[in-house]
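Enquirer: What follows is a single structure, and I will ask about it in a moment.
Number of protein chains: 2
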Amino acid sequence: MKAQSHTRSISRSLPIALLRARETVMAPVRDMLQGIQMTEQKWRVLRVLDEFGEVEQSTIAKEACLLLPSLTRILRTMESEGQVTRRQDSHDKRRTMVRITGEGHRIFEENRLVSHEIYANIEEQMGRHKLDRLLDLLEELRSVKF
Amino acid sequence: MKAQSHTRSISRSLPIALLRARETVMAPVRDMLQGIQMTEQKWRVLRVLDEFGEVEQSTIAKEACLLLPSLTRILRTMESEGQVTRRQDSHDKRRTMVRITGEGHRIFEENRLVSHEIYANIEEQMGRHKLDRLLDLLEELRSVKF
DNA sequence: TATTGTTATACTCTATAACTATA
DNA sequence: TATAGTTATAGAGTATAACAATA
């Protein structure tokens with residue numbers, strides 16, 4: 001017997017639907033990342049740096065959905081692996097500016113094709129319109145005030 | 001200068017858009033969970049149990065997006081906290097059947113109102129149609145084959 | 001005083017392999 | 001042989017507070 005409840009079915013729970021959808025999309029990305037010994041978080045950092053050029057850490061944290069203490073550790077590792085460089089900002093010495101290196105860029109370029117193929121695959125099966133609509137709705141959801 | 005790349009803008013990256021949207025929705029839920037000393041994962045388990053009644057662990061793992069080894073540990077804690085009970089299935093003795101207790105149900109009921117308000121809030125700001133559409137698209141995304 | 005970032009700490013989840021018991 | 005679940009272990013992220021340096 002099903003529990004008597006007015007709770008929305010779990011498949012219509014927004015947090016869970018978002019989590020499951022992400023698991024689906026990330027599965028092939030994770031296979032790729034495993035092959036190059038990179039975590040999801042590092043990959044997000046590379047992606048932000050590739051797009052933004054040189055940025056301060058707070059921006060990376062916000063864009064890549066990471067907390068600053070996590071980012072500190074992640075960037076330390078990535079710096080030791082030669083994927084990023086860091087320098088103190090000359091105007092505001094509190095700021096650390098981070099930049100992707102040639103090696104970091106090479107890793108990103110060699111593997112973003114995989115992301116692209118995954119995206120193309122989804123577009124082919126769902127249609128470009130629906131995918132754009134989904135991204136629009138996700139963006140709109142972020143602007144909801146609580 | 002913006003990096004020269006044909007990579008889709010990070011705000012249009014599906015995995016990141018899903019992650020950010022989830023962070024937005026989960027923020028108020030996390031506040032609620034923190035007040036009752038419950039992790040997101042435990043909350044998902046409660047939600048599955050409330051909806052499904054007595055189920056085997058593999059089902060919980062699938063529905064709540066958890067790996068079995070994580071679930072083993074989580075259920076052990078929840079059992080010691082009196083939120084769930086476990087028993088061996090009499091027909092197939094490999095299976096462990098899990099059920100929510102009165103206490104677990106009470107915790108769930110006392111707090112799901114918060115989830116409901118969050119949902120109502122989103123519905124009010126985005127509109128019911130858009131929210132339904134979003135859930136439909138997320139569900140459709142899950143059926144994409146890679 | 002507020003902000004940027006680091007360090008320290010405790011907790012938790014993730015991921016995998018090896019294992020037990022049962023089918 | 002395959003499946004359900006447990007245990008062990010390594011690795012990593014999360015969350016918070018306290019702190020240093022700078023604005």
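Heads up: the sequence lines are chains A and B, in that order. Each residue of the first sequence is one higher than the one before, counting from 1 in the working numbering. Each residue of the second sequence is one higher than the one before, counting from 1 in the working numbering. The beta carbon of each residue, even a glycine, is placed where N, CA and C say it ideally should be.
Helix, strand or coil for MET97/B? Go by DSSP, reduced to three states.
Expert: In this structure, MET97/B counts as strand in the three-state DSSP scheme.
Enquirer: Counting only runs that start and end within the segment 90-144 of chain B, where is the alpha helix (DSSP H) found for 4 or more residues in a row?
Expert: Taking only runs of at least 4 residues, the alpha helix (DSSP H) segments lying wholly in the segment 90-144 of chain B are 102-126 and 128-142.
Enquirer: Within its chain, find whatever has a CB closer than 8 angstroms to the CB of ARG94/A; leave out the 5 residues flanking it on each side and keep chain order.
Expert: Counting only Cβ-Cβ distances below 8 angstroms, and skipping sequence neighbours, we find nothing.
Enquirer: If you draw a straight line from the C-alpha of ASP132/B to the C-alpha of GLN57/A, how long is it?
Expert: Cα to Cα, ASP132/B sits roughly 37 angstroms from GLN57/A.
Enquirer: List the residues that DSSP assigns as beta-bridge partners of GLU23/A.
Expert: Its beta-bridge partners do not exist; DSSP assigns none.
Enquirer: Is there contact between the segment 15-33 of chain B and the segment 112-122 of chain B, where contact requires at least three CB pairs shorter than 8 angstroms?
Expert: Touching, yes, given that three or more Cβ pairs across the two stretches are closer than 8 angstroms.
Enquirer: Across which residues does DSSP place GLU56/B in a beta bridge pair?
Expert: DSSP, once it has assigned bridges, lists MET97/B as partnering GLU56/B.
Enquirer: How many angstroms separate the CA atom of LEU67/B from the CA atom of GLU123/B?
Expert: Distance between the alpha carbons of LEU67/B and GLU123/B: 32 angstroms.
Enquirer: Between which two residues does the alpha helix (DSSP H) holding THR85/A run?
Expert: Element bounds for THR85/A: not the alpha helix (DSSP H) but the beta strand (DSSP E), 84-88.
Enquirer: Contact between the segment 5-21 of chain A and the segment 126-145 of chain B: three or more CB pairs below 8 angstroms?
Expert: Output reads yes: the segment 126-145 of chain B touches the segment 5-21 of chain A.
Enquirer: In chain B, which residues lie less than 7 angstroms from ARG133/A when you measure between Cβ atoms?
Expert: Here the neighbours are LEU137.
Enquirer: Is there at least one Cβ from chain A nearer than 8 angstroms to LYS130/B's Cβ?
Expert: For LYS130/B, the answer is yes, since a Cβ of chain A falls inside 8 angstroms of its Cβ.
Enquirer: Residues of chain A with a CB under 9 angstroms from the CB of SER9/B: which are they?
Expert: Those are GLU51, listed as they occur along chain A.
Enquirer: Just how far apart, CA to CA, sit LEU147/A and ILE10/B?
Expert: In this structure chain A extends from 1 to 146, so residue 147/A is not present and cannot be described.
Enquirer: When DSSP labels each residue in this structure, what does ILE16/A get in the three-state scheme?
Expert: Looking at ILE16/A - three-state DSSP - the assignment turns out to be helix.
Enquirer: Determine the direct distance from the alpha carbon of LEU33/A to that of MET97/A, and round the result to whole angstroms.
Expert: Each residue's alpha carbon lies about 26 angstroms from the other.
Enquirer: In the structure shown, what three-state DSSP assignment does GLU81/B receive?
Expert: GLU81/B: coil per DSSP, three-state reduction.
Enquirer: Just by C-beta distance, which residues in the segment 58-92 of chain A are closer than 7 angstroms to chain B?
Expert: Of all residues in the segment 58-92 of chain A, GLU63 and CYS65 have a Cβ within less than 7 angstroms of some Cβ in chain B.
Enquirer: Note down, in chain order, all residues in the segment 17-48 of chain A with a beta-carbon under 7 angstroms from any beta-carbon belonging to chain B.
Expert: Cβ contacts with chain B: ALA17, LEU18, LEU19, ARG20, ALA21, ARG22, GLU23, THR24, VAL25, MET26, ALA27, PRO28, VAL29, ARG44, ARG47 and VAL48.
Enquirer: Does GLU51/A pass the burial test, meaning 16 or more other C-beta atoms within 10 Å, or should it be called exposed?
Expert: It counts as buried.
Enquirer: For ILE118/B, return the contacting residues in chain A, with the cut-off set at a CB-CB distance below 8 angstroms.
Expert: The answer, in chain order, is PHE146.
Enquirer: Whose C-alpha, out of THR59/A, ALA120/A, PHE146/A and LYS145/A, is nearest the C-alpha of SER13/B?
Expert: With distances taken between Cα atoms, SER13/B lies closest to ALA120/A.
Enquirer: What distance in whole Å lies between the Cβ atoms of LEU49/B and GLY104/B, which are believed to be in contact at a cut-off of 8 angstroms?
Expert: Right, the Cβ-Cβ distance comes to about 7 angstroms (below 8 angstroms), so this counts as a contact.
Enquirer: Quick check on ALA64/B: does DSSP put it in helix, strand or coil?
Expert: Reduced to three states, the DSSP call for ALA64/B is coil.
Enquirer: Report yes if the C-beta distance between ALA61/B and LEU46/B is below 8 angstroms; otherwise report no.
Expert: Taking 8 angstroms as the Cβ cut-off, ALA61/B and LEU46/B do not qualify as a contacting pair.
Enquirer: Roughly how many angstroms lie between the CA atoms of MET38/B and GLU81/B, to the nearest whole one?
Expert: Taking the straight line from one Cα to the other gives about 11 angstroms.
Enquirer: So ILE107/B contacts chain A; which residues on that side make the cut at Cβ distance below 8 angstroms?
Expert: None at all; the shortest Cβ gap to chain A is about 13 angstroms.
Enquirer: Which residues in chain A sit within 8 angstroms of GLU140/B, going by Cβ to Cβ distance?
Expert: Under the 8 angstroms cutoff, chain A gives MET126 and LYS130.
Enquirer: Check the C-beta distance from LEU75/B over to ARG87/B and give it rounded, since I have them as a contact under 8 angstroms.
Expert: Not quite, the Cβ-Cβ distance comes to about 12 angstroms (not below 8 angstroms), so this is no contact.
Enquirer: Could you work out which residue in MET78/A, THR7/A and GLY127/A is closest to GLU40/A when comparing CA atoms only?
Expert: If we check each option's Cα against that of GLU40/A, MET78/A comes out closest.
Enquirer: Pick helix, strand or coil for ARG8/B, following the three-state DSSP scheme.
Expert: Reduced to three states, the DSSP call for ARG8/B is coil.
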